[in-house]
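S.K.: Here you go, one structure.
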Amino acid sequence: MPVVALIGAQWGDEGKGHLVDLLAARARLVIRYGGGNNAGHTVVNHLGTFKLHLVPSGIFDPGIVNVIGPGVVINPEVLIKEIEDLEARGVSTTKLFVSDRAHVIMPYHIQLDQLQEEARGEGRIGTTGRGIGPAYADKMSRSGIRMGDLLHEETLLNRLRTVLEEKNRMLTKLYNARPLSLHDTYMTYLEYGRRLANHITDVHPIIHRALDKDLPVLLEGAQGALLDIDHGTYPFVTSSPPGAAGACQGSGIGPTRINSVIGVVKAYTTRVGEGPFPTEVDGPVADALRQIGTPWAEVGTTTGRLRRVGWFDGVMARYAAQVNGIDTLAITKLDVLDGIETLKICTGYKLNDTILEYPPTTTAILSQVEPIYEEMPGWSESTRNVRRFADLPDAAQAYVARICQLVGARLGIISVGPGREQTIMVADVF
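The sequence shown: position 263 = 1026 (the numbering used here), numbered continuously.
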């Protein structure tokens, strides 16, 4: 049975949670491998609408084991609330396991994230301010606190005492902020550990027993490939590798075990926060793409911010596919394009007199490129009730086929609405 990585192939918010919820029925193990509660997956199923930030989207099937992997940074308060909310709505979390290697987001991470962003002024990145970047920075500088530390009183106190002294100097001397109390912070996070003790464990044996038994495993990404710390539009990126390489590193699964990489793209492009966006549009077209006033409007699940919108960017999507080895595309929100008379797809960039087939590495240059558009006819019929590819309007079929051709991946799934049933399975992807 396969190990499938499902990743975002744009700037995040592609509808990954919806697809993980759908595909999880074919898996026995779902692993969230990176990011933190800066991510948000909206899932609509028979139980209602759920907004998940840390818990894997396979949690709604009681037969599935769900793992938060070592590559995730975790705000325990957020995780506890998410677990309590799920349980209150009848969703069992008894098969949710949290890696003891995953790093903890501490209160000083959140404070420093917000203070640093404020200090950037006009050069702000657009961070969610939830402490993700500082938590990953501490992880790399080997001064982080891990989820397993919350279960050991002496370890937690010793590590917290050392790091808090340094963080308080930064808060008070650099930002003129109030210092954090060692006692209060220690007692709070010790209590978090007690409340999460039934979930925190070494997940390596769980994952590799599943692999040894040849059970189907789904790796759930957060954010998108264009926000990758190495390959994204730096510095307007996240602090982790959200792509296929991050799926291996953040779950503890070797790259040779992955059988397929599904790249999720919207039928157009969106972005939240700052950074260059070559195909961005405004006016009536933007209003149509945002679907303002509908339950599925383009508003960030985590931030609540209006998403920036634009035409499908084939240059960026092709680059994401190449970097991550995407072999299959899942195209979401095709129904949003219903009724738009003429559609545009970006097939290349123009920089002065030069035609670019790949995105420039610097945002300064990327901000100067002009998208080269190919126009395609739209369709007037609604696609929201279509369940077979052959029943889509001819123009919609041609549009989807052109996207796959530009990206260089086969078509696997088309989503025409937020519900599980509003999905067209074009190929066997799992």
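Glycine included, every Cβ here is placed at the ideal spot set by N, Cα and C.
As the structure is a prediction and not an experimental result, all values here were calculated from the model.
Thinking C-alpha only, which one of 860, 900 and 1101 is nearest residue 968?
M.R.: Comparing Cα positions, the closest option is 860.
S.K.: What is the residue span of the alpha helix (DSSP H) that residue 898 lies within?
M.R.: From DSSP, the alpha helix (DSSP H) with residue 898 extends over 895-903.
S.K.: Does DSSP put residue 844 in a helix, a strand or coil?
M.R.: Note: residue 844 maps to helix in three-state DSSP.
S.K.: Are residue 1006 and residue 770 close, meaning C-beta to C-beta below 9 Å?
M.R.: Yes, these two residues count as a Cβ contact at 9 Å.
S.K.: Whole angstroms is fine: what's the gap from residue 892's alpha carbon to residue 876's?
M.R.: Approximately 5 Å, taken between the alpha carbons.
S.K.: What separation, rounded to the nearest whole angstrom, lies between the Cα atoms of residue 945 and residue 924?
M.R.: So the alpha carbons of these two residues sit roughly 7 Å apart.
S.K.: Name, in chain order, the residues that DSSP records as bridge partners for residue 1112.
M.R.: In DSSP, residue 1112 forms a bridge with 1119 and 1134.
S.K.: Among residues of its own chain, excluding the 5 on either side of residue 1107, which ones have a beta-carbon nearer than 6 Å to its beta-carbon?
M.R.: Answer for residue 1107: 1074, 1136 and 1138, listed in chain order.
S.K.: Give the straight-line distance between the Cα atoms of residue 887 and residue 996, rounded to the nearest whole angstrom.
M.R.: Roughly 14 Å separates the two Cα atoms.
S.K.: Could you spell out where the beta strand (DSSP E) holding residue 766 opens and where it closes?
M.R.: Counting along the chain, the beta strand (DSSP E) containing residue 766 begins and ends at 766-771.
S.K.: At what residue ranges does the segment 978-1063 contain a whole run of the beta strand (DSSP E), taking only runs of 3 or more?
M.R.: Whole beta strand (DSSP E) segments, 3+ residues: 980-983, 1023-1029 and 1032-1034.
S.K.: For residue 1098, count neighbouring Cβ atoms within 10 angstroms of its own Cβ and tell me buried if that reaches 16, exposed if not.
M.R.: Looking at its Cβ environment, which holds 16 or more other Cβ atoms inside 10 Å, residue 1098 is buried.
S.K.: Using the rule of at least 16 other Cβ atoms within 10 Å of the residue's Cβ for burial, across every protein chain shown, is residue 800 buried or exposed?
M.R.: With 16 or more Cβ atoms within 10 Å of its Cβ, residue 800 is classed as buried.
S.K.: Is it true that the CB of residue 1042 sits closer than 9 Å to the CB of residue 778?
M.R.: Going by C-beta atoms, residue 778 is not nearer than 9 Å to residue 1042.
S.K.: Select from 919, 915 and 914 the residue whose C-alpha is nearest the C-alpha of residue 906.
M.R.: Ranking the options by Cα distance to residue 906, first place goes to 919.
S.K.: Rounded to the nearest angstrom, what separates residue 1178 and residue 904 at their Cα positions?
M.R.: Roughly 41 Å between the two C-alpha positions.
S.K.: Between the segment 1015-1026 and the segment 812-819, can you find at least three pairs of beta-carbon atoms closer than 8 Å?
M.R.: Cβ pair count under 8 Å is below three, so no.
S.K.: Please report the Cβ distance between residue 1010 and residue 987, rounded to the nearest whole angstrom; I am assuming they are in contact, meaning their Cβ atoms lie under 8 Å.
M.R.: Actually they are not in contact, since the Cβ atoms of residue 1010 and residue 987 sit about 13 Å apart, beyond 8 Å.
S.K.: Apply the 10 Å Cβ neighbour rule to residue 991 and answer buried if 16 or more other Cβ atoms are within range, or exposed otherwise.
M.R.: Answer is buried; the Cβ neighbour count reaches 16.
S.K.: In chain order, what residues of the same chain have a beta carbon less than 8 Å from the beta carbon of residue 1128, not counting five sequence neighbours either side?
M.R.: Here the set comprises 1114.
S.K.: According to DSSP, is residue 835 part of a helix, a strand, or is it coil?
M.R.: Reduced to three states, the DSSP call for residue 835 is strand.
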